[in-house]
Amino acid sequence: MKGEFDVVVSPKRKSNKWTANIEHATLEGLKDYIRELYKPPALENDGAVLNFMCDGDRYLPRNDVTFQEMLQSLVSKTNLKFTVFNETPSKPFSDWSFPKVCELYGLSDDPNPSIDVYPIFSCGHRADLTCRKRKVDEIEDSYGLEKVWGIVTDAEKWYFMECKLDNEGKPSFKLSEPVIVVYKDENLQDKVEKVLGHIVWLLEEAQKPEYDSQSEGKKFGRPEVAEIT
């Protein structure tokens with residue numbers, strides 16, 4: 586008995602037609618079909634498995650017999666559309682080799698890859714090369730900085746700090762009230778928008794050669810800061 590199924594391969598959303606003889610269908614045959622469509626690296630892993638979902642029901646066939654039974658069940662219910670999840674079972678860390686990790690995540694097709702397959706994290710790399718801690722009186726005048734902003738956060742509480750030099754070159758600091766982002770809270774979107782609004786404002790101010798103290802308070806997203814004594 587043949588069946589024509591609409592197969593969605595997660596995380597894709599588009600379905601593809603897959604025709605199979607249910608009595609002889611195999612998991613490896615479906616893997617070959619998916620490989621031909623998308624070439625997902627996870628299916629090249631020795632331990633990769635396929636899990637399925639149809640109308641909210643989850644199926645976990647681990648051999649061809651249970652896979653065929655699943656297909657027969659779907660046909661009997663006239664549910665011919667299902668989603669396939671490529672999943673790799675947990676293995677001890679020591680069981681993974683570097684070539685297998687590169688293969689799984691599509692980093693390299695070389696059977697003996699080198700560490701060069703990893704891209705350089707340029708942001709952190711540049712910070713290591715150019716940033717160093719200094720005291721206020723050690724900052725070069727060539728920067729011409731009269732005011733700087735900083736962000737202190739643990740990803741839940743967000744503080745925005747302002748540091749300003751007076752006419753004598755002495756720094757004064759102001760700190761905002763914390764913006765607290767509670768994840769899974771009903772006000773999450775509002776809090777995130779507020780934080781992002783502050784960050785956008787700071788980035789815009791950083792691009793300006795001078796600060797307009799008369800208009801700062803009117804700008805959208807400006808964090809309210811209080812003097813630190």
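Residue 677 in the working numbering sits at position 92 of the sequence shown, and the numbers go up by one each step.
Note that CB positions come from ideal geometry on N, CA and C, so glycine has one too.
Here the segment 592 to 612 makes contact with the segment 643 to 662; the two share three or more CB pairs at distances below 8 Å. With a cutoff of 8 Å on beta-carbon distance, Ile607 and Gln653 are scored as near each other. Rounded to whole angstroms, the gap between the alpha carbons of Asn697 and Pro684 is 6 Å. Per DSSP, the unbroken beta strand (DSSP E) holding Ile736 starts and ends at 732 to 738.
In the structure shown, Met638 adopts extended strand secondary structure according to DSSP, grouped into three states. In this structure, Phe670 sits away from Ser600, with a CB-CB distance that is not shorter than 8 Å. Apart from sequence neighbours up to five positions away, the residues of its chain that approach Glu741 with a beta-carbon distance below 7 Å are Ile765, Val766, ordered along the chain. Judged by DSSP in its simplified three-state form, Gly588 adopts strand.
For Leu665, there is no enclosing alpha helix (DSSP H), as DSSP marks it with neither H nor E.
In the structure shown, Thr604 adopts extended strand secondary structure according to DSSP, grouped into three states.
Lys616 is the residue among Glu621, Lys616, Lys732, Ser699 whose C-alpha sits nearest the C-alpha of Asn636.
Cβ-Cβ separation between Lys749 and Ser757: approximately 5 Å, consistent with a contact (criterion under 8 Å).
Just so you know, the alpha carbons of Leu665 and Arg643 end up roughly 14 Å apart.
For a cut-off of 8 Å, the C-beta gap from Leu692 to Gly588 is around 37 Å, too long to register as a contact. In the three-state scheme derived from DSSP, where H, G and I count as helix and E and B as strand, Ser595 is classed as coil.
When secondary structure is reduced to three states using DSSP, Ser682 falls in the coil class, being assigned neither helix nor strand. By the CB criterion at 8 Å, Glu778 and Lys759 fall outside the cutoff.
In the structure shown, the three-state DSSP call for Val767 is coil.
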